[in-house]
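Notes for the one structure printed next.
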Amino acid sequence: MFDRAIAMTALCATATSTLAGIPVMLSASATAPTEFSDVKPDYWAYPYITSLAEEEILAGYPDGTFRPEKSIDRDEFAATIRQAFEEETVRQIPEASVFADVPDGNWAEPAIEEAYETGFMEAKEEQDRFFPHQEMTKLEAIAALTRGLELTASPTVAASQTPASTVAPNRRQPKKSKNRLAFPLASTVLLQPFAIPPANAQSNPAPTAQQGYNATAPTTNLGEYYEDAASIPDESIDEVAAATEAGLIANYPTRRILNPNEPLNRGSAAAMLYQTLVYLDRLPALPENENASEYIVAPE
């Protein structure tokens, strides 16, 4: 995997003179910036972004920007999962190119494979496609994290009486380091001309759907937390409740507005990932006097 990452690094270096916006594909030994020109200290997600950059979980673009307002695609989200967590596999596929829309040798192929095998992310359209360049919604990100970490919501109780400790995590150990920054959180659509589609993409057996995640238990009344709780699909209520109880969700600019179906931008993705690592005791919780902490949704 390191050889592939290094090869992609060289390929990007060759192409940056003619293609703007291609991210730097850093090898594990490379050093990434932890400050970005477009993420100032007064930006709401500044502590999330800079902390994850220091942890070498997130990276920016060759021009020194992070582009926090840009939406995050599914392949990018898979890359953050691979950087942040070390989870046991719940299913197996030969490689991510079994999906008809993931070319063999694509930069995100190992990340997609791992995100799928560990149960964080699902395929679509009868398990035949992954849609790597499709924008992630906030709801999809919440579902991915609760599914991959096996979070379940507590039984229904009053919101003001629901402590975060009631979450039943079934947690496994988070990853310490693995191919760090080989797949940074950055747009890679311009890399596609260099990818070689697999000749047998359509003939590979389709992956099977994950078994074992059952979100049917009664959950916390989400109307106590979100003014737009009615926009949460019924099948996602328990996932949102579990993430809320665990303190994974940060809503900007209004804490009580979830906007579950809107595309998730890179700044919000950083906040959600940071809060997940806080829940896993990997990172410290933000101080209460930190401006960014006012957007965290969690039971008192």
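All letters in the sequence shown, in the order written, are residues -20 to -1, 1 to 280 by mature numbering (1 follows the signal peptide of the UniProt record, and there is no 0).
We put the beta carbon where it would ideally sit given N, CA and C, even for glycine.
Between the CA atoms of Pro74 and Thr234 - distance to the nearest angstrom = Rounded to the nearest angstrom, the two C-alpha atoms are 43 Å apart.
Run through DSSP, which three-state label would Pro27 get?
-> helix
Using the rule of at least 16 other Cβ atoms within 10 Å of the residue's Cβ for burial, across every protein chain shown, is Asn269 buried or exposed?
-> exposed
So, helix, strand or coil for Asp261, using DSSP?
-> coil
Own chain partners of Tyr26 with C-beta closer than 8 Å, once the 5 adjacent residues on each side are dropped | Residues of the same chain with a CB within less than 8 Å of the CB of Tyr26, apart from the 5 flanking positions on each side, are Val19, Lys20, Ala272 in chain order.
In angstroms, rounded to a whole number, what distance separates the CA positions of Ala144 and Asp84?
-> Residue confidence is low: Ala144 scores 39 on pLDDT, short of 50, so the model does not pin down where it sits. No coordinate-derived value is stated.
What is the rounded straight-line gap between the Cα of Glu274 and the Cα of Tyr23?
-> 13 Å
How should Asp214 be labelled, buried or exposed, when 16 other C-beta atoms within 10 angstroms of its C-beta is the threshold for buried?
-> Answer is exposed; the Cβ neighbour count stays below 16.
Grouping DSSP H, G and I as helix and E and B as strand, with all else coil, what is Ile229?
-> strand
Arg54 and Phe110 closer than 8 Å at C-beta | Taking a C-beta distance under 8 Å as the contact criterion, Arg54 and Phe110 qualify as a contact pair.
Exposed or buried, Gly44, counting other C-beta atoms within 10 Å across all chains shown (16 or more means buried)?
-> exposed
Identify, in the order they occur along the chain, each residue of the same chain with its Cβ nearer than 8 Å to the Cβ of Thr98, setting aside the five sequence neighbours on each side.
-> Ile61, Phe65, Glu67, Glu68, Thr69, Val70, Gly128
Going by Cα to Cα distance, which pick from Pro240, Gly227, Asn239 is closest to Leu266?
-> Gly227
Name the residue from Ala91, Asn86, Tyr28, Met101 whose alpha carbon lies nearest to the alpha carbon of Pro48.
-> Among Ala91, Asn86, Tyr28, Met101, the Cα nearest to that of Pro48 belongs to Tyr28.
Should Ala209 and Leu131 be called a contact, given that it needs their Cβ atoms to be closer than 8 Å?
-> By the CB criterion at 8 Å, Ala209 and Leu131 fall outside the cutoff.
Identify the residues that DSSP records as bridge partners of Val277: which are they?
-> Ile229
For the putative contact between Ala124 and Ala91, defined by C-beta atoms under 8 Å, what is the C-beta separation to the nearest angstrom?
-> Wrong, their Cβ atoms sit about 13 Å apart, outside the cutoff.
Kindly indicate which three-state DSSP category Asp43 falls into: helix, strand or coil?
-> coil
Could you give the residue range of the alpha helix (DSSP H) that holds Lys118?
-> It spans 118 to 128 - the alpha helix (DSSP H) in which Lys118 sits, taken as one unbroken run.
Within 10 angstroms of the Cβ of Ile247, are there 16 or more other Cβ atoms? Answer buried if so, exposed if not.
-> As written in the sequence, residue 247 is Gly, which differs from the Ile given in the question. It is buried - the Cβ of Gly247 has at least 16 other Cβ atoms within 10 Å.
Flag this pair as yes or no: are the beta carbons of Ile237 and Ile122 separated by less than 8 Å?
-> no
Euclidean distance between Cα positions of Ala278 and Leu202 | 11 Å
Going by the CB atoms, is the gap between Ala249 and Ile37 shorter than 8 Å?
-> no
Contacting residues, own chain, Cβ-Cβ under 7 Å from Gln72 (five flanking each side not counted) | Excluding residues up to 5 positions away in sequence, Glu97 lie with their Cβ nearer than 7 Å to the Cβ of Gln72 in the same chain.
Residue of Glu219, Tyr254, Glu89, Glu102 minimising C-alpha distance to Ile276 | Tyr254
Start and end of the alpha helix (DSSP H) containing Ile92?
-> 89 to 97
Does the distance from the CB of Asn241 to the CB of Thr117 come in under 8 Å?
-> yes
Could you pull out every residue in the same chain whose Cβ sits closer than 8 Å to the Cβ of Leu263, ignoring the five residues on either side in sequence?
-> Ser31, Glu35, Tyr254, Leu257
C-alpha distance - Val82 paired with Ala103, whole-angstrom precision | 11 Å
For Tyr259, which residues from the same chain have a beta carbon less than 7 Å from its beta carbon, with the 5 sequence-adjacent residues on both sides left out?
-> Ala226, Gly227, Leu228
When we look at the beta-carbon of Glu94 and count the other beta-carbons within 10 Å, is it buried (16 or more) or exposed?
-> buried
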